[in-house]
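**Student:** Each residue of the sequence shown is one higher than the last, beginning at 181 in full-length UniProt numbering.
C-beta atoms are modelled at their ideal positions from N, C-alpha and C, and glycine is treated no differently.
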Amino acid sequence: SKARIFDKENDTKVTFKDVAGLGEAKVEVMEVVDFLKNPQKYSELGGKIPKGALLVGPPGTGKTLLAKAVAGEANVPFFSMSGSDFVEMFVGVGASRVRDLFKQAKDKAPCIVFIDEIDAIGRARSKNNGWSSNDERENTLNQLLTEMDGFGTNAGVIILAATNRADILDKALLRAGRFDRQIQVDLPEIKEREAIFGVHLQKLKLDPALDTAFLAKQTPGFSGADIANVCNEAALIAARNNKAQVEKQDFLDAIDRIIGGLERKNKVYK
Ligand code: ATP
């Protein structure tokens with residue numbers, strides 16, 4: 181909602197143990213955690229701490245979760261906004277929101293600023309087509325670039341941004357000193373899906389005979405968000421059938437339901 185464009189979220193309790201799979205991405209963001217916790221270690225040797233990293237991957241793969249976990253592990257505030265919230269803003273509003281965001285972040289440094297769906301404001305600037313909404317998007321993007329250049333590398337503000345389309349981003353965003361690092365966040369393979377089931381099954385009262393390897397095998401192409409959905413849906417199906425625990429059949433029914441939803445979605449977008 182519009183009111184949530186920028187706020188400090190209180191769920192910095194998220195840590196790496198909540199993020200299953202994503203082994204390489206975790207190793208890369210661990211460096212960011214270390215920058216936040218021990219900035220002097222880097223600055224004393226004359227190193228410049230990067231200002232931002234881009235998390236790139238399909239929807240629902242845990243980009244937001246990973247960014248929150250970085251803040252949680254470093255025990256710093258997490259500020260977030262979504263690029264898509266800026267799309268229909270009045271002239272001047274987007275840029276001033278970005279300014280406010282960075283002002284607050286600098287006051288609360290060290291901290292993480294997370295920009296979800298950065299492509300909504302960060303698409304390559306095209307030849308002007310005369311649409312004022314496009315001009316406004318460019319104002320917002322320009323303000324973001326200005327802010328990123330405006331604070332020193334040792335200001336303690338690290339910006340993580342997420343996109344599923346790094347290829348359409350304005351090259352200015354990817355230049356050295358801005359989002360010059362890209363971290364790939366891909367759909368989970370079978371072993372990773374098993375680990376993601378492991379995280380989300382903890383909340384459920386399960387049939388002890390349930391086999392997570394079997395569930396991972398039944399869910400090729402599912403994202404972490406899809407798997408979280410399957411687990412929740414299975415619990416609802418079991419409850420509807422007045423069961424005392426969630427069983428294999430409930431998961432199979434839930435998987436069918438999620439696959440049905442995914443197929444409908446694909447049809448709409450084709
Ligand atoms: P989007 O691009 O749609 O914003 P995203 O990549 O930011 O998606 P998240 O919002 O982080 O994805 O994921 C949604 C939810 O799915 C998470 O809150 C979590 O419950 C679950 N999830 C996704 N990936 C993982 C994972 N790797 N481990 C555990 N849970 C996950």
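(1) Among V410, D387 and A389, whose alpha-carbon lies nearest the alpha-carbon of Q398?
(2) Pull the bridge partners of C411 from the DSSP assignment, please.
(3) Alpha carbons only, please: which of A415, I229, L246 and T343 is nearest the one belonging to K206?
(4) Tell me whether L340 sits in a helix, a strand or coil according to DSSP, three-state version.
(5) Tell me the DSSP secondary structure of S312 in three-state form.
(6) Please go through the same chain and pick out, in chain order, the residues whose beta-carbon is closer than 6 Å to the beta-carbon of K385, but skip the five residues on each side of it.
(7) Going by the C-beta, is V365 closer than 8 Å to any heavy atom of ligand 1?
(8) Is the beta carbon of K193 closer than 9 Å to that of F237?
(9) Comparing C-alpha positions only, which one of N422, N421, R437 and V273 sits nearest to residue 510?
(10) Cα-Cα, which of L235, T320, I435 and N421 is closest to G272?
(11) Only counting the same chain, and skipping five residues up and downstream in sequence, which positions put a Cβ closer than 7 Å to that of T195?
(12) Using the three-state DSSP reduction, which class does D366 fall into: helix, strand or coil?
(13) Express the C-alpha separation of K283 and I301 in angstroms, rounding to a whole number.
(14) Assign G401 to one of two classes, buried (16 or more other C-beta atoms within 10 Å of its C-beta) or exposed (fewer than that).
(15) Roughly how many angstroms lie between the CA atoms of N421 and L395, to the nearest whole one?
(16) Taking C-beta to C-beta, are L281 and M261 nearer than 9 Å?
(17) Taking 8 Å as the cut-off, is the CB of G263 close to at least one heavy atom of ligand 2?
(18) Could you spell out where the alpha helix (DSSP H) holding G252 opens and where it closes?
(19) Can you give me the Cβ contacts of G440 inside the same chain, cut-off strictly under 7 Å, excluding the 5 residues immediately before and after it?
**Tutor:** For this structure:
(1) V410
(2) For C411, which the question treats as bridged, DSSP gives no partner whatsoever.
(3) L246
(4) strand
(5) Unreliable positioning characterises S312 in this predicted model, as indicated by a pLDDT of 49, which lies under 50. A coordinate reading is not provided.
(6) Q425
(7) yes
(8) Note on identity: in this sequence residue 237 is Gly, with Phe being the wrong assignment. No, the pair does not count as a contact, with Cβ atoms beyond the cut-off.
(9) With the chain covering 181 to 450 only, the question about residue 510 has no answer from this structure.
(10) T320
(11) A249, G252 and E253
(12) coil
(13) 19 Å
(14) exposed
(15) 20 Å
(16) yes
(17) With respect to ligand 2, the structure offers nothing, as its ligand set consists of ligand 1.
(18) K243 to A254
(19) none
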